[in-house]
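In this note's numbering, the protein residues as written are 42 to 404.
Cβ atoms here follow ideal geometry from the backbone N, Cα and C, with glycine treated the same way.
For reference, the structure discussed in these notes is given below.
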Amino acid sequence: MSVVLCPRCRAENPAGRSGPGPVPRCVRCRRPLTASPWSPAILGLADGHRVAGLAPPQRLIFALLVRTLQAYRSDRFMIVFGFVMMPFFAAVGFLLGLLMMTGGHLVLGAARGLAEVELGYALYAVPLFVLVFARWIKSQEKAREITFHREAGKVDGLELGRLHEIFETSEPSTLGLFLGICFGLQMGLLWFSPDHGGLPIAGGPRECGLLTLDNACHGIFLDTFELYNFHWGEKPAHTYRSATVFYAFRLAFDAFTLLAVYGGYRRYRLRGLFRGFPHDPRRLSDLLDWMETRCGDEHAWPRQYFDEFLFLMLAKDYLRGNLATVRQVSRQFPWLAISDEVRAAFIGPDGETTLRGRWASKS
């Protein structure tokens, strides 16, 4: 009979036999016999005595859920922190946008000295280029799907699609960054363009900054400034060109502000998601009961986050051993945004993947 030598205690382990757990372990020291893709926290949860009655693949799913939900519950402070950091990222974006316009002004000034042709009007193309580039970056992003979350190359939990997007801080920070970039781009355009955006002004940095702030406030606060005739500095005497420029930037300010408000509303709506969350989620029955309650329709969460909550329902049935239900439902919804690697972790007693997708494959 072939044996596998433990790299730590040098004990001989019969091939195909190991200590309990989701990965092969030494029968003496219980250390992994092979490099594991799972983090120590996941392995510790999967080897707990409270889930000893589950099959090894079920223990892994249980450990992934516990690790993920615990992290989301403790990250509620980070939801607020993301919005607190918005002004900082807006300031960084402002400097970045102004730097782009300054760089364009210097390059065009050097080229104008060589060609003896006015090239300053090409600065109008810089905001358009930034818009097209941002749209291209957005198009390269894949739809949020449920996948593994990795730390230091090891799987340390799950990323539950759009729920993960809400519980992380990148979305409000990114919106603040782009809001600041828009501010810097408009100020730079008014400052460095030959006609100052079509306005009959001297074009100093303070004047251009106040005009940009005035336009941003008229956009962010909708028509409030307009109705009460509030202005930062002197009211601009718009021409057709300047009105077009100001209106385009005002739409951008409106869009990023509305996206931030909507993001805040989504986070507010999820404030009660962890109501009744078990004090010790390592108790299998308590965790499954909470999942069943949360997947109800009390707050219409399953309708808004269909893929994520149906995944939680399937995971609950998988841990309860209702494999036929998991197979049947996953066949009815093969388009669920669940990555192939997560689907492959739902292994049945026959060695096949129970969480089927468009391309069901054997594990």
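| query | result |
| --- | --- |
| Exposure of Gln345, with buried meaning 16 or more beta-carbon neighbours within 10 Å | exposed |
| Length-filtered (4 minimum) alpha helix (DSSP H) runs lying within the region 213-257 | none |
| Contact belief for Leu328 with Pro319 at Cβ below 8 Å, rounded distance in angstroms | 6 Å |
| Residue closest to Arg100, alpha-carbon to alpha-carbon, out of Leu325, Phe350, Pro343 | Leu325 |
| As assigned by DSSP and simplified to three states, the class of Leu351 | helix |
| Other residues of its chain near Gly23: CB distance less than 7 Å, five sequence neighbours each side excluded | The question about residue 23 has no answer here: the residues shown for the chain are numbered 42 through 404. |
| Contained alpha helix (DSSP H) runs [length at least 4] in the region 130-159, N- to C-terminal order | none |
| 7 Å Cβ shell around Val92 - same chain, five flanking residues per side excluded | Arg100, Phe103, Leu325 |
| Segment limits, beta strand (DSSP E) that includes Leu201 | 195-201 |
| Residue range of the beta strand (DSSP E) that includes Arg191 | 187-192 |
| Closest residue to Arg335 among Phe350, Asp321, Pro322, Arg323 (Cα-Cα distance) | Phe350 |
| Three-state secondary structure (DSSP) of Glu275 | coil |
| N- and C-terminal bounds of the alpha helix (DSSP H) containing Arg372 | 364-373 |
| Delimiting residues of the alpha helix (DSSP H) encompassing Asp330 | 325-335 |
| Option in Gly134, Ile83, Ser234, Gln373 with minimal Cα separation from Glu159 | Ser234 |
| Candidates Leu396, Lys276, Arg247, Arg323, of which the one nearest Thr366 by Cα | Leu396 |
| C-alpha gap between Asp348 and Arg185, whole angstroms | 10 Å |
| For Gly244, the nearest candidate out of Phe208, Leu84, Tyr303, Gln227 (CA to CA) | Gln227 |
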